[in-house]
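Novice: Anchor point for the sequence shown: position 13 equals 470 in my numbering, and the numbering is continuous, going up by one each time.
Each residue gets a CB set at the ideal place from its N, CA and C atoms; glycine is no exception.
Being a predicted model, the structure only gives us computed values, none of them experimental.
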Amino acid sequence: AELLARRAARQRELDAGKLPGFLPETRAIREARWICAAIPADIRDRRVEITGPVDRKMIINALNSG
């Protein structure tokens, strides 16, 4: 019952326009300097992208796109 009451209170806050935030204990992760690996050569110059359901027409359009 307590959990449901807290959820209802939180929903009222969100409905009133309050934005969600981040947990204070994750601050170091968010503020750290992030580094990622380089983009692999075989995907640097992509020519085909399928952006919808995979049906015959979508595949033909994707393959003809470039």
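(1) Indicate the three-state DSSP secondary structure (helix, strand or coil) for lysine 475 in the structure shown.
(2) When the distance is taken between beta carbons, is phenylalanine 479 closer than 8 Å to arginine 467?
(3) Could you give the first and the last residue of the continuous alpha helix (DSSP H) run that contains leucine 520?
Specialist: Reading it off the structure:
(1) coil
(2) no
(3) That run of the alpha helix (DSSP H) goes 513–520.
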